[in-house]
Amino acid sequence: MHCRRLGDIGSDHASVPLALLREGSCESVLVTDIRQGPLSVASRRALEEGRGEEFQTKRTDGLDGIALDKDDVLLISGLGGDTIAGILECQAEKVLIPKRVIVQPQTKEEIVRSAFLKTGLVIADEQFVEDRGRLYLVMISDRQASRPVRMSRLELFFGPVILSRLTKSEKEPLLHKYVTKRIRRLKKRAAYDRATAELLRAFEQSFPISYNRLDQC
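If you count by the working numbering, then the sequence shown holds residues 1 to 217, one letter each, in order.
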């Protein structure tokens with residue numbers, strides 16, 4: 001999707017926005033970070049690539065002091081789930097403005113999905129990226145998508161889009177790898193936590209064939 005401006009929150013060294021500028025996927029970028037050091041590195045990289053005019057930086061916490069436009073795309077990646085959820089919930093009205101919101105939590109995806117629901121963001125897609133043997137989940141929200149009333153506990157934990165694709169995803173090894181990882185997490189906690197045991201049992205009942213196959217991975 002082409003965008004007028006990409007807002008990269010907590011950008012670190014701006015690898016993603018610079019790559020998108022090179023590809024022509026966005027006309028300009030605004031990168032933010034709570035620390036000045038990464039922003040200085042990002043600015044230097046942009047100047048070295050001749051991207052100074054399209055590249056802006058701002059030192060801030062989350063979306064504080066950031067004005068968003070309906071043609072923007074907002075990216076929040078590489079942060080923990082608690083941090084991303086906090087940004088979304090603290091700026092609930094603001095995150096509904098951009099035409100697309102993309103988040104890539106490093107942990108606690110279920111908390112991020114809950115924040116989507118609370119703020120009115122809709123999970124339009126969930127995709128995976130594997131880099132150096134590590135699997136990353138990317139959640140995408142499009143402004144025009146219809147808002148869900150609620151998500152079940154299974155949908156919050158595994159992802160609504162992921163569950164909808166699970167039974168027909170023979171050609172999606174990364175999806176199965178992700179679900180297997182989530183199942184193993186449930187199994188570790190199920191022995192001492194009743195709610196987790198019930199969630200695992202609900203998954204087994206809803207996806208018996210998929211579960212049996214995944215459990216053998």
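By construction, the Cβ of each residue, glycine as well, lies at the ideal position given by its N, Cα and C atoms. Keep in mind it's a predicted model, so treat the numbers as computed, not measured.
- prompt: What three-state label does DSSP hand Lys248 in the structure shown?
  reply: Examination of residue 248 is not possible in this model, given that the chain is present from 1 through 217 alone.
- request: Report buried or exposed for Val129, applying the criterion of at least 16 other Cβ atoms within 10 angstroms of its Cβ.
  value: exposed
message: For a test of the three-state rule: what should DSSP assign to Phe207, helix, strand or coil?
response: coil
field: Alpha-carbon spacing of Arg194 relative to Ala42, whole angstroms
entry: 47 Å
message: At a threshold of 7 Å, does His2 count as lining the ligand GDP (C-beta to nearest heavy atom)?
response: Among the components modelled here there is no ligand, and therefore nothing to report on the ligand GDP.
field: Helix, strand or coil at Val112 according to DSSP, with G and I counted as helix
entry: helix
query: Using the C-alpha atoms, what's the distance from Glu204 back to Arg143?
result: 33 Å
message: Here's a check: name, in chain order, each residue in its chain whose Cβ is nearer than 8 Å to the Cβ of Glu110, leaving out the five neighbours to either side.
response: Gly81, Leu156 and Phe157
Selected residue, minimal CA-CA separation from Val207, among Arg132, Arg35, Ile162 and Glu53: Sequence inspection shows Phe at residue 207; the Val mentioned does not correspond to that position. Ranking the options by Cα distance to Phe207, first place goes to Ile162.
- prompt: So who's on the other strand from Lys58, going by DSSP bridges?
  reply: Thr32
message: Mapping the DSSP letters down to three states, classify Glu155 as helix, strand or coil.
response: helix
- request: Return helix, strand or coil for Leu117, following the three-state DSSP convention.
  value: helix
message: Using DSSP's beta-bridge definition, name the partner residues of Tyr136.
response: Val129
task: Classify Tyr192 as buried or exposed, calling it buried when 16 or more other Cβ atoms lie within 10 Å of its own Cβ.
output: exposed
query: Comparing alpha-carbon positions, which option in Thr83, Cys26 and Gly62 lies nearest Ile34?
result: Gly62
field: For Gly78, the three-state DSSP class (helix, strand or coil)
entry: strand
- request: Could you pull the start and end residues of the alpha helix (DSSP H) that Leu21 belongs to?
  value: Ser15 to Glu23
query: Are three or more beta carbon pairs between the segment 71–78 and the segment 52–59 nearer than 8 Å?
result: no
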